[in-house]
Amino acid sequence: MFYIGIDIAKHNHEASIIDSNGSLLCESISFSNSQKGCKKLIALLERFSIDADNCIIGMEATGHYWLSVYSYLFELGFNLKVINPIQSEAFRKMYIRQTKNDSKDSFIIAQIMRFGQFSSSSLSNENVMALRQLSRYRLFLVDDCSDWKRKVVCLLDQVFPEYGCLFSDTFGVTSKELLLHYPTPEDMLSISTTKLSNFISKCSHGRHGRAKAEEIQNAAQNSFGIKFAANAFSFQIKQMIEQIKFIENQLKELEKEITELLVQTNQVITTIPGIGNVLGAIIIGEIGDISRFESAAKLVAYAGLDVRINQSGQFIGTHMKISKKGSPYLRRAIWTAANRAAFVDPVLSEYYQSLQARGKHHLTAIGAVARKLCNIIFAVLRDDKPYIPMPNHN
Numbered sequence: 001m002f003y004i005g006i007d008i009a010k011h012n013h014e015a016s017i018i019d020s021n022g023s024l025l026c027e028s029i030s031f032s033n034s035q036k037g038c039k040k041l042i043a044l045l046e047r048f049s050i051d052a053d054n055c056i057i058g059m060e061a062t063g064h065y066w067l068s069v070y071s072y073l074f075e076l077g078f079n080l081k082v083i084n085p086i087q088s089e090a091f092r093k094m095y096i097r098q099t100k101n102d103s104k105d106s107f108i109i110a111q112i113m114r115f116g117q118f119s120s121s122s123l124s125n126e127n128v129m130a131l132r133q134l135s136r137y138r139l140f141l142v143d144d145c146s147d148w149k150r151k152v153v154c155l156l157d158q159v160f161p162e163y164g165c166l167f168s169d170t171f172g173v174t175s176k177e178l179l180l181h182y183p184t185p186e187d188m189l190s191i192s193t194t195k196l197s198n199f200i201s202k203c204s205h206g207r208h209g210r211a212k213a214e215e216i217q218n219a220a221q222n223s224f225g226i227k228f229a230a231n232a233f234s235f236q237i238k239q240m241i242e243q244i245k246f247i248e249n250q251l252k253e254l255e256k257e258i259t260e261l262l263v264q265t266n267q268v269i270t271t272i273p274g275i276g277n278v279l280g281a282i283i284i285g286e287i288g289d290i291s292r293f294e295s296a297a298k299l300v301a302y303a304g305l306d307v308r309i310n311q312s313g314q315f316i317g318t319h320m321k322i323s324k325k326g327s328p329y330l331r332r333a334i335w336t337a338a339n340r341a342a343f344v345d346p347v348l349s350e351y352y353q354s355l356q357a358r359g360k361h362h363l364t365a366i367g368a369v370a371r372k373l374c375n376i377i378f379a380v381l382r383d384d385k386p387y388i389p390m391p392n393h394n
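Its first residue numbered 1, the sequence shown is counted upward by one per residue in the UniProt record's numbering.
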């Protein structure tokens, strides 16, 4: 058996080949991140009669730069392992005092493959990869949209500080349309009450009418907002509302695509309370193959939801925090799901309430629920069976 370690970089990768005894077959080679570069690597493997049946190829998950070479070698049928750089740190320290060749990262990765003590990522399921890509993109759009909303609120606080009290949701359909067409108090006062009333009634499908129009104009008339540079503020608010509406439409299309993909990939995840299509897609995309995790505890650690003990010498802190290591996307999804599951799932709700009764802070209790939820996710994916709550019987 042969072991190939690839040190990933943006433009040029480096590869080392060792045999089952851990000896280098040749000097490490550098090859470009391109088809031509990969063909150079394949030519080297063929020189030593190495093929997909007698080797393991390992590489570190360095940003996104490993994806292209992984995809190329995967299509050729090679056995590929992708490891977290943290796992190779111990081996790096072991070989740091060796010869110059032995200290190369590609050689160290090859040795890790030989010893086999690592957990790896896999992209063998194309749908899982697609879910990961689309789910991360969705989180980016959600955060981007939230940033634009904060900017709008900042502007409104300056020109119309009373506006936040006029609607239960500043970014609801009616409010957005109002701000898009009449973004400042001056704009809202520039039309008649009747015209404003008709506009609001149309946007809200009849839920609001003249009373709301009068309330808005009264607030605009008595607003304590700044009056100068009104045109500049008006222009900004209009453009920002347009941007928010555009992103929200993108999110609708994206969530439809994610849902269709999740249905094809894994449906049992959504049987867990608190986990719908969007959160389910994030969880499946980030976890990948559940067999990568030996236990639920490993999954908890991967999500960064394991407890970190604050200890120094003889002092042991009483306030413990989650480690926040691992996948931030998975942690965010499970934490969000836990916030809902704590109130809708009979088992998790009972657990949450028992923690509250013991005086635990809401966030501490949710953290505990999130860890319990990880256990449920692990069992459901491992067994590939729908979740069935099992209430505690005293």
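Beta carbons are placed, not taken as given, at the ideal position from N, Cα and C, and that holds for glycine.
Every value quoted in this text rests on a predicted model; they were computed, and no experiment measured them.
Practice prompt. Compare the Cα-Cα distances from A365 to each of F378, N339, N375 and report the closest residue.
Written response: Counting from 1 along the sequence shown, the entry for residue 365 is found at position 365. Checked all of F378, N339, N375; the closest Cα to A365 is N339.
Check your understanding: Which partner residues of G58 appear in the DSSP bridge assignment?
Key -> Position 58 of the sequence shown, counting from 1, holds the residue named residue 58. Answer is G5, K81.
Coil, strand or helix - L25 by DSSP: Taking the sequence shown and counting its residues from 1, one reaches residue 25 at position 25. Residue state, collapsed to three classes: coil.
| query | Since P386 contacts V268 with CB under 8 Å, what's their CB separation in whole angstroms? | reply | As a working mapping, residue 386 is identified with position 386 in the sequence shown. As a working mapping, residue 268 is identified with position 268 in the sequence shown. Correct: roughly 5 Å between the Cβ atoms.
For S223, I'd like the list of residues in its chain whose CB is within less than 6 Å of its CB, leaving aside the five on either flank, ordered along the chain. In the sequence shown, counting from the first residue as 1, residue 223 sits at position 223. Within the same chain, S223 has close Cβ partners F160, E162, P185.
- Use the C-beta contact count for N266: other C-beta atoms within 10 angstroms, 16 or more gives buried, fewer gives exposed. Position 266 of the sequence shown holds residue 266. It counts as buried.
Whose CA, out of V142, D144, G63, lies closest to the CA of F10? Numbered from its first residue, the sequence shown carries residue 10 at position 10. In the sequence on display, residue 10 carries Lys and not Phe. From the listed residues V142, D144, G63, the smallest Cα separation to K10 is found for G63.
Self-check item: For G225 and V152, the rounded distance between their alpha carbons
Solution: As a first step, residue 152 is located in the sequence shown; it is residue number 152 there, counting from the start. As a first step, residue 225 is located in the sequence shown; it is residue number 225 there, counting from the start. If you take the alpha carbons of V152 and G225, they lie about 14 Å apart.
Evaluate contact between the stretch 366-383 and the stretch 327-345, counting only Cβ atoms and requiring at least three cross-stretch pairs below 8 Å.
-> yes
> With burial defined as no fewer than 16 other Cβ atoms inside 10 Å of the residue's Cβ, what is the status of Y70: buried or exposed?
Replying inline: Within the sequence shown, numbered from 1, the residue matching residue 70 stands at position 70. Burial call: buried.
Neighbour-count burial assignment, A357, 16 or more Cβ in a 10 Å radius: Here the question's residue 357 lines up with position 357 in the sequence shown. A357 comes out exposed.
Report task. Report all residues from its chain with a CB closer than 8 Å to the CB of F378; omit the five preceding and five following residues, and keep chain order. Result -> In the sequence shown, residue 378 corresponds to position 378, counting from 1. Here the set comprises I290, F293, S295, A296, L299.
Roughly how far, in whole angstroms, is the beta-carbon of G326 from the beta-carbon of A301, given that I think they are within contact range, below 8 Å?
The residue labelled residue 326 in the question sits at position 326 within the sequence shown. The residue labelled residue 301 in the question sits at position 301 within the sequence shown. About 6 Å separates the beta carbon of G326 from that of A301, a gap short enough to meet the 8 Å contact definition.
Which whole-angstrom value describes the C-beta separation of P183 and S146, a residue pair presumed to lie in contact below a C-beta threshold of 8 Å? Indexing the sequence shown from 1 puts residue 183 at position 183. Indexing the sequence shown from 1 puts residue 146 at position 146. Incorrect: roughly 20 Å between the Cβ atoms, too far for contact.
Handout entry: Anticipated Cβ contact below 8 Å, G58 with M129, distance rounded
Key = As a working note, residue 58 is residue 58 in the sequence shown. As a working note, residue 129 is residue 129 in the sequence shown. Their Cβ separation, rounded to whole angstroms, is 19 Å, which puts G58 and M129 out of contact at 8 Å.
Give a yes or no on whether 8 Å exceeds the smallest Cβ distance from D147 to chain C. The structure shown contains no chain C; it holds only a single protein chain.
Quiz item: alpha helix (DSSP H) containing S16: first to last residue?
Solution: As a position in the sequence shown, residue 16 is number 16, starting the count at 1. That residue, S16, is in no alpha helix (DSSP H); its beta strand (DSSP E) goes 12-18.
Nearest neighbour of E350, chosen from W148, Q111, P389 [CA to CA]: Your numbering for residue 350 matches position 350 in the sequence shown. When each option's Cα is compared against that of E350, the closest is P389.
For this session: Just confirm the distance between the C-beta atoms of L180 and K252, as a whole number of angstroms; I'd bet it's less than 8 Å.
Result: The residue you call residue 180 lines up with position 180 of the sequence shown. The residue you call residue 252 lines up with position 252 of the sequence shown. Going by Cβ atoms, the distance from L180 to K252 rounds to 18 Å, so no, they are not a contact pair.
- Task: Taking residue 412 as the reference, give the member of M188, E27, G276 with the closest Cα.
- Result: As displayed, the chain neither begins before 1 nor continues past 394, which places residue 412 out of reach and without an answer.
- Query: Just to confirm, are L141 and I247 a CB contact at a threshold of 8 Å?
  - Reply: Along the sequence shown, one-based indexing puts residue 141 at 141. Along the sequence shown, one-based indexing puts residue 247 at 247. Yes.
Practice item. Confirm, please, whether the CB-CB distance from L261 to N375 is below 8 Å. Key: Sequence index remark: in the sequence shown, residue 375 carries index 375 (1-based). Sequence index remark: in the sequence shown, residue 261 carries index 261 (1-based). No, the Cβ-Cβ distance between N375 and L261 is not below 8 Å.
*Residues bridged to I322 [DSSP beta-bridge criterion]*: Counting from 1 along the sequence shown, the entry for residue 322 is found at position 322. According to DSSP, which records beta bridges pairwise, I322 is partnered with V307.
DSSP three-state call for F233: helix, strand or coil? The residue given as residue 233 occupies position 233 in the sequence shown. Helix, per DSSP.
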